[in-house]
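Notes follow once the structure below has been shown.
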Amino acid sequence: MSSWLDYTINGLIVGNVYALVAVGLALIFGVSRLINFAQGSIYLVGAYIGWVAVVQLHTPLPLTIIVVAVAAAIVGLIIERFGLRPLQNSVRIAPLLATIGISFVLDQLVMLTFSPNPRALPSQLPDVRFQLGGGTIGPLDLLIAGVGLTSALLLFVFLRYSKLGWAVRAASQDRDAAMQMGVDVNRVNQAVFGIAAALGGVSGMLVGMYYNQIDTAMSLQATLKGVVAEVVGGAGNVPGAVIGSLLLGLVESYGVAVFGTSYRNLFAFLLLVVVLVLRPNGLFASARQAPPEPLTGTFIAPSRPVRIPRWALAVAAGGFAVLPLFPVSFYVLQTLINAWLLGMLALSLTLVAGTIGQVSLGHAALLAIGAYTSALLSLTFSVPAGLAIIGGGLMSAALGTALISPSFRLRGHYVSIATLAIGEIVSLVILNWEGVTRGPIGISGIPPLSLFGYDLISPTSIYWFSFAVMVVLALLQGRLLTSHLGRSFRAIRDDDVAARAYGLSLNRYKSLAFIFGGFAAGVSGGIAAHLYSYINHETFNTQQSILALTVVILGGLGNVVGAIVGSVALVGLPEVFRIAAEYRILIYGIVLLLLVRFRPQGLLGTI
Amino acid sequence: MTNASEALLALTAVNTFYGQAQVHFDLSISVARGHIVCLLGGNASGKSTTMKIILGLVKPRSGEVTFDSASLLGLSTPQIVRRGIASVPEARRLFADMSVRENILMGAFVRNDRDVVAQDLDRMLTLFPKLGQRLSQRAGSLSGGEQQMVAMARALMSRPRMIVMDEPTMGLSPLYVDRVLELIRTINQEGVSVFMVEQNASLALEIAHEAYVLQTGKIVLSGPARALKDDPRIRDAYLGGSEAA
C-alpha cells in the first residue's frame, strides 16, 4: 500500500500534465470563445512524434522535447489557418463542430499511420526512485514538474511582458476593442494555437513516457480531462486552468486510492458536472456575470428548409416498406436496418440539438440506457422483447432527462460539455456498477426481437419492425413540431431570454424535449441490444454520439426528414463505395468539416 | 459645409445591409480637418453602424469611405487604426482585467517608439490627473466616468489624427458629462479631428462644429452646429423622443 504522500505526488504530477493541455484550452477559449475539441488530438500527435523521435531517430531527451513542441505547434497553426480561420464569420456552432471534425481526422490519420496497437514510449531517464518523506519520486516526475513549471513561467513572461502577449490578453477580454487598438486578431489566434499545440504535444509525450505506453484512445481522454480542468478553473482563465488541473489530478489520485482505478474518470466528470451546475464560471471566477455566451439563435445556422411534398415522402416511405418483397440481398437489408436504428437516434438528437438548441455530445448514453434496460428486463424478468424495448425507451426518457436536468441552466458550449460529461458518466457507471450491469463483462445472451410472441429473426421481419418503429417516431415528431409545443421549442432555441420573458418555462420545455428524444433514442438502443445479443459499456460510445451529430447536421438541424436522409446517407454511402471500416471514421470527420465549411444548414436546411 | 479637398474623413453614398435589412441609405458624411463633427440620431437610426463602417468592423455594400483622400474600404480594422484613426467605443469597452496603466498603453499598440510612449503616458496623466492614483487598479473596478477617461486616454495614445467616439456621455453623471465634453474640446484644440455619435443633441451641439441628423438610415438634416441648435426641425426630427428618455 502506497502512502498518501505517494498519491499526492502522483496527483500533482498528473495534474501538471493536465495543466499543459488545459492552459492551451484556456488560451484558445479566451481569445476565440471556443472549446477546442481537437486539443486531445494534438496531444496524441505529440505522443507519436515523440515515439518516432525516441524510438526511430534516437534523439536525446532535450531535443525530443523541442522536436515535439515544434512539430505540434505546426499542426496547431495548420488547424487554425485552414480549419478555423475560414469560419470566422459563420455561426458560433461552426468552429466547435469543426474542431470535432478535425479531431476525428487527426486521430484516424494517426491510427492509420501507426496502427491502433499500443506502443511503448521509453522515457530515456534512469529508473531510480528517491525517498521523499514517506513517499518516493522519480526522475520522470521531476521532469514533468520541471516542464510544467518552466512552461508556466514562460507563459507568464510572454503574457505579461511581450507585445504579442499583451495583444492576447486584450483580445481575450474584448476582441473588438483590441482590434480597435490595432491588434491583428489573426496573429493572436495563430500565437495562441501555436502555443496551445506545443504545450499539448509535449504533454502527450510526457504522459506516454509516464505510463510507457501510447495508443490512439489517449486523444479523447486528454480532451475530456483538459476541458474538465479548464472549466473547473473557469473557462478562459489561464491561472485557473493550472489550479483546476492540479485539483483534478489530486481528486483523481485520492479517488483511485479510496475506490480503485476504474473510478478515476468518474471522479473527473462528476467534478465537472458539479462545477458546471454550481459555479458555471469556474471556481475562481469573480462575481461577474455569466460568460458572454451567445444566445442560441446565433449558435445555429438559420436557413430556409427545403420543402418536400407529402406525396413524395409517402412514395419514398412506401418504396422502402415494400423493398424486402423484391429480391434484395441480406447485405442491403442489414445496412438499411442500421440506418433505421441510427435514424431513431438522429430523430432524438435533431429534436434536442436542432429544435430546442441543446447541442448534445453525449447522446449515445441514451442508447446505452435503453439497451441495458431492455436487455435486463428481458433477461432478468423475462419481459417479452417488444415490451422490454418500450421499457428501455421509457427508462431512457426518464433517466436521461433527470441526468441532464441540472445543466438546463447552461447555454451554448457549456451544454455540449455537460452532455459530453454526462455521457461519459453513464458509461463509467455501467462499467463500475457490476451488481446490475455486470460491469466490464457486459451482457450476453440477450433474447432476439419478438412481437406478440413471435420471434423476429429473419432480416426481412427485423427490417420491417425497425422501419415501422422509426416511421412512427418520425410522424410523432413531425406532429410535435407543427404544434404549439414545437413553436415554443424553437422560440427557446432562438432567444431563450425573450422566450422566458413571454412566460415560457425553459426547464419544462427542455424536459419535454429530452423526454421525447430520450424515448426515441432508448427504443433505438433497446432494439440494438436484442439485435446484437451482446452489449457492454463500450458498445455505445462517444464516436456514436458524434456520428449522430454529423447525421443531424448533414440532414439539417431540427429537420425530421433530414435526420433520416442523413442516416441513410452516412450509413449507406460508405457501403455503396465499399469503403474499408478503418477509413469510415475518417470519412465522417471529413464530411463534418466540409458541411460546416460549405453547407452549415445541411442538405435539407434547418427548421 | 466643407468641400472635399479639406475633408479628412468622407463617407460617400454608403449603403449598408444586415442580411436583408438595409441600415444606411446613400449616407454621405464628411469631417473637415481639425473639426468636431457630430452624428445625432435616436435608437436604431444607424449611428453605431456608421462608426463600425469607419473602423472597418462592418463592410458597406456600396459607397466609398476615404480617410486623408485614401480609401479605407478593404482595409482591416488594425490597418485603419494604423492610418491614424483611434476610437472610443460605445460603453468604453476597456480591458476589464488589465490595469489602468496597461489599458492606456494598449492604446499605443501600433507604435514602436517606446521612449516617446512613456512620455505620452505622463502627458495623459496631466490631461487626466485623476487617473494618476488609479494606474495599478483593475480597469473594471473604476466608475463609469473614470472608465471614460481611461478610454479617451487610451485612444489618444496612438497619436491619432482623428478620434471617433460612440456616445461618449452615455451613462455618465452630469458632472462627468461636462468634464468629458470639456476634454473633447481640449483634444480637438490640440489638432485632433473628432467624429462623435450622440443621442444627447443639445450637449453635442455645444461643442461640435458641424452636425448631421440621422433618421432610420438617412441624413435628414445637416449643417453648422450653431445653426442647427436653434433649428426647430431638429426637435421634430428626433429630439422629441430623446427628451422623453
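As they're listed, the protein sequences go chains U and Y.
Just so you know, the working numbering puts 26 at position 26 of the first sequence, and the rest follows in order with no gaps.
Just so you know, the working numbering puts 1017 at position 17 of the second sequence, and the rest follows in order with no gaps.
Think of the CB as a built atom: it goes at the ideal place given N, C-alpha and C, for glycine as much as any other residue.
Please read these numbers as outputs of a predicted model, since none were measured by experiment.
Residue i burial status per 10 Å Cβ neighbour count (16 or more: buried)
i	result
PRO600/U	buried
PRO1078/Y	buried
GLN180/U	buried
THR296/U	Any answer about THR296/U is weak, because its pLDDT of 40 lies below 50 and its placement is not dependable; what the coordinates show is given next. Looking at its Cβ environment, which holds 16 or more other Cβ atoms inside 10 Å, THR296/U is buried.
PHE37/U	buried
ALA581/U	exposed
LYS510/U	buried
ARG1123/Y	exposed
TYR502/U	exposed
GLU1190/Y	exposed
ASN1112/Y	exposed
SER115/U	exposed
ALA312/U	exposed
GLN88/U	exposed
ASP127/U	exposed
SER488/U	buried
PRO1168/Y	buried
PHE193/U	buried
ARG169/U	buried
PRO60/U	exposed
LEU594/U	exposed
C-beta neighbour in chain Y for residue i, strict 8 Å
i	result
GLN190/U	no
ARG85/U	no
ARG496/U	The amino acid at residue 496/U is misidentified as Arg; the sequence shows Asp. False, the Cβ-Cβ gap to chain Y never drops below 8 Å.
TRP340/U	no
is_contact[residue i, chain U] using C-beta, thresh 8 Å
i	result
THR1077/Y	yes
VAL1107/Y	First, the amino acid is wrong: residue 1107/Y is Gly here, not Val. Output row for GLY1107/Y: interface = yes.
SER1158/Y	yes
VAL1065/Y	no
ARG1083/Y	no
VAL1058/Y	no
VAL1110/Y	yes
ARG1093/Y	yes
MET1124/Y	no
Proximity test, residue i beta-carbon vs the ligand HEM heavy atom, cut-off 7 Å
i	result
SER444/U	In the structure shown, the ligand HEM is absent, as is every other ligand, since no ligand is present at all.
Whole-angstrom distance between residue j and residue i, CA atom to CA atom
i	j	result
LEU351/U	LEU481/U	9 Å
ILE42/U	GLY562/U	33 Å
ARG1033/Y	LEU1075/Y	22 Å
ARG411/U	SER3/U	42 Å
GLN108/U	TYR583/U	8 Å
PHE330/U	PRO459/U	7 Å
TYR254/U	ARG264/U	9 Å
SER610/U	PHE467/U	There is no way to answer for residue 610/U, as the model of chain U reaches only from 1 to 607.
LYS1218/Y	SER1045/Y	8 Å
VAL52/U	PRO62/U	15 Å
ALA222/U	ASN338/U	30 Å
ASP495/U	ARG1138/Y	33 Å
ILE389/U	PHE519/U	10 Å
ASN212/U	ALA177/U	47 Å
ILE1036/Y	ALA1118/Y	28 Å
VAL1088/Y	ARG1154/Y	8 Å
MET1196/Y	PRO1232/Y	22 Å
ALA491/U	ILE356/U	8 Å
TYR414/U	ILE35/U	9 Å
Neighbouring residues, chain B, relative to residue i (Cβ below 8 Å)
i	result
PRO1089/Y	The chain inventory of the structure shown lacks chain B, comprising the protein chains U and Y.
Task: Residues, ordered as in the chain, of the stretch 171-184 of chain U that lie near chain Y by beta-carbon distance below 7 Å - done: Those would be GLN173, ASP174, ASP176, ALA177, MET179, GLN180, MET181, GLY182, VAL183, ASP184, in chain order.
Task: Residues, ordered as in the chain, of the stretch 1045-1056 of chain Y that lie near chain U by beta-carbon distance below 8 Å - done: Flagged, chain order: LEU1055.
Task: Touch test, the stretch 560-576 of chain U against the stretch 357-366 of chain U, Cβ-Cβ under 8 Å, three pairs minimum - done: no
TODO: Check each residue of the stretch 1095-1106 of chain Y: if its Cβ is closer than 9 Å to any Cβ of chain U, include it; give the result in chain order.
DONE: PHE1095, ALA1096, ASP1097, MET1098, GLU1102, ASN1103, LEU1105, MET1106
Task: Within 9 Å of chain Y by C-beta, residues of the stretch 139-168 of chain U in sequence order - done: LYS163, TRP166, ALA167
Open item on the list: Whether or not the stretch 531-543 of chain U and the stretch 402-419 of chain U are in contact is what I'm after, with contact meaning three or more pairs of Cβ atoms, one per stretch, closer than 8 Å; do they touch?
Closed with: no
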